[in-house]
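**Student:** Dropping a structure here in structure tokens format, bear with me for questions.
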Amino acid sequence: MKKFLFVSGAAVILSNLCSCVDNIAYESAVDVFMEEQNESYEATTSEFDIDDISDIISELSLPESEKSTPDIPETNLTVETASVTVNSTSTSVANESETTAVESDSENTGKSVCIDVPYISQKGEYPTGCELVSASMLLKFYGFEISAGELIEKGYVKHTELEYDDKEDRIYCADPNESFIGNPRDESGYGCYSNALRNGLEKYLENEYFDAVNLSGISLEDLCMEYIDFGEPVLIWASINMVQTKENEKVWIIKETGEEFRWLANEHCLVLVGYDDEYYYFNDPLKDAAVPYEKEVVELRYKELGLQAMTIRPW
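The sequence shown stops at residue 528 when you use the working numbering, and every number in between is there.
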């Protein structure tokens, strides 16, 4: 059995240091040094069998199909790999669901939003005061307590009565965009339009961190996207029970301008609080909270009243 011995480079160093020593002394010193190095190496290193090395070289030269595969003890690696695969699949499914949900929302498919706005009824005390009662609901939602009557009695919303001229057979009125017409506590009252109510609420909120905003001209769909989706209720003008509106038979004359005006019968103001695929939801002061009305019908009535809307917003 042959052995490989690794000779330290110190022998070379020793050779250089002893260049001046005679050959006999030098050879004797080297022999002693090499014997010590071999004894030290044999005590700390393993032996390599030439035959074993030949076997390894032969194995490496074999084709892949003929190489031997070492035995590996069984572990839970397969189980862990399966677990990783399952988790990866689950993540993929979850991402697909999120994408679908986002796409559905963009089409409003299956989406439903409803804001919890305190409900106040106009029945009994304010038979023709829907605008003022709806305004009270909106204010209460933001923490302000004022009744429909107080909005007029304390001078926030301007109020005028009709004037009858029997001689000329004419009826004079204020501009409903500037004033509430008639008495909200009386069946013979009428109401007001969005700008008149906005002006009144702006005056009421003068020292508060809120603005009264006229949203007239904005579609219901956009009102939902820009306000309802963000938890902000909106007042809109439509009709009682969403029935078709009709012009008053009597022509009124707006006193300030002299122009003719016809009041729309069945006019009504409600608080838009939500929507889904089929309905808009309103706090209807003549009915109840979160009352559903079909979208198509509401859009018709809203258009008949001139796309009038308003709200209040915190700064």
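The beta carbon of each residue, even a glycine, is placed where N, CA and C say it ideally should be.
Alpha carbon to alpha carbon, how far is arginine 411 from asparagine 479? Give it in angstroms, no decimals.
**Tutor:** On the sequence shown, position 266 is the one that residue 479 refers to. On the sequence shown, position 198 is the one that residue 411 refers to. Cα to Cα, asparagine 479 sits roughly 21 Å from arginine 411.
**Student:** Span of the alpha helix (DSSP H) holding asparagine 396?
**Tutor:** In the sequence shown, residue 396 corresponds to position 183, counting from 1. No alpha helix (DSSP H) contains asparagine 396, which DSSP labels as neither H nor E.
**Student:** Which residue marks the beginning of the beta strand (DSSP E) containing valine 510, and which one marks its end?
**Tutor:** Your numbering for residue 510 matches position 297 in the sequence shown. Unbroken run through valine 510 is the alpha helix (DSSP H), 508-517; no beta strand (DSSP E).
**Student:** Roughly how many whole angstroms lie between the Cα atoms of glycine 356 and glutamate 415?
**Tutor:** Counting from 1 along the sequence shown, the entry for residue 356 is found at position 143. Counting from 1 along the sequence shown, the entry for residue 415 is found at position 202. The alpha-carbon atoms of glycine 356 and glutamate 415 are separated by roughly 16 Å.
**Student:** Helix, strand or coil for isoleucine 525 per DSSP?
**Tutor:** The residue labelled residue 525 in the question sits at position 312 within the sequence shown. Strand.
**Student:** Under three-state DSSP, which class holds proline 283?
**Tutor:** In the sequence shown, residue 283 corresponds to position 70, counting from 1. Residue placement at proline 283 is poorly supported in this model, since its pLDDT is 44, which falls under 50; the coordinates still yield a value, given next. Here proline 283 sits in coil by DSSP.
**Student:** Which residue spans inside the stretch 429-483 form an unbroken alpha helix (DSSP H) run of at least 4?
**Tutor:** 433-439
**Student:** When the Cα of asparagine 390 is compared with those of Glu421, Pro527, Ala522, Trp528, which residue comes out closest?
**Tutor:** Counting from one through the sequence shown, the residue named residue 390 turns up at place 177. For asparagine 390, the nearest C-alpha among the options comes from Ala522.
**Student:** Which residues does DSSP pair with leucine 352 in a beta bridge?
**Tutor:** On the sequence shown, position 139 is the one that residue 352 refers to. Answer by DSSP bridge pairing: none, since leucine 352 is not bridged.
**Student:** Which of helix, strand or coil does DSSP assign to leucine 520?
**Tutor:** Locating residue 520 in the sequence shown gives position 307, where the first residue counts as 1. In this structure, DSSP gives leucine 520 a state outside helix and strand, which the three-state scheme calls coil.
**Student:** Whether or not the stretch 494-504 and the stretch 345-355 are in contact is what I'm after, with contact meaning three or more pairs of Cβ atoms, one per stretch, closer than 8 Å; do they touch?
**Tutor:** Taking one beta carbon from each stretch, the stretch 345-355 and the stretch 494-504 have 3 or more pairs nearer than 8 Å; the two touch.
**Student:** Quick one: residues in its chain with C-beta nearer than 8 Å to the C-beta of serine 401, no 5 flanking neighbours on either side, listed in chain order?
**Tutor:** Walking along the sequence shown from the start, residue 401 turns up at place 188. Taken in chain order, the residues that qualify are Thr341, Gly395.
**Student:** Buried or exposed for glutamate 445, going by 16 or more other Cβ atoms inside 10 Å?
**Tutor:** Indexing the sequence shown from 1 puts residue 445 at position 232. Under this definition glutamate 445 is a buried residue.
**Student:** Relative to the C-alpha of aspartate 489, which residue among Val504, Arg475, Leu483, Leu477 is closest?
**Tutor:** Taking the sequence shown and counting its residues from 1, the one referred to as residue 489 is at position 276. Selected option, being the one with the closest Cα: Val504.
**Student:** Go ahead and pull the three-state DSSP assignment for serine 296.
**Tutor:** Here residue 296 corresponds to residue number 83 of the sequence shown, with the count starting at 1. At serine 296, the pLDDT of 30 sits below 50, so the modelled position is not reliable; the number obtained from the coordinates is stated separately. Helix.
**Student:** DSSP state of tyrosine 417, grouped into three classes?
**Tutor:** Start at 1 with the first residue of the sequence shown, and residue 417 comes out as number 204. In the structure shown, tyrosine 417 sits in a helix (DSSP, three-state: H, G or I).
**Student:** Tell me whether valine 346 sits in a helix, a strand or coil according to DSSP, three-state version.
**Tutor:** Your numbering for residue 346 matches position 133 in the sequence shown. Looking at valine 346 - three-state DSSP - the assignment turns out to be helix.
**Student:** From aspartate 501 to valine 330, what distance separates their C-alpha atoms?
**Tutor:** Counted from its first residue, the sequence shown places residue 501 at position 288. Counted from its first residue, the sequence shown places residue 330 at position 117. Rounded to the nearest whole angstrom, the CA to CA distance from aspartate 501 to valine 330 is 11 Å.
**Student:** Looking at the structure shown, is isoleucine 384 part of a helix, part of a strand, or coil, going by DSSP?
**Tutor:** Residue mapping note: residue 384 aligns to position 171 of the sequence shown, counting from 1. Three-state result, isoleucine 384: strand.
**Student:** Determine contact between the stretch 508-516 and the stretch 355-375, defined as no fewer than three beta-carbon pairs at a distance below 8 Å.
**Tutor:** no
**Student:** Find the nearest neighbour of leucine 448 within the set Val326, Ile365, Thr524, Ile333, judged by alpha-carbon distance.
**Tutor:** Reading the sequence shown from its first residue, position 235 is the one you call residue 448. Looking at the Cα atoms, Thr524 is the closest of the given residues.
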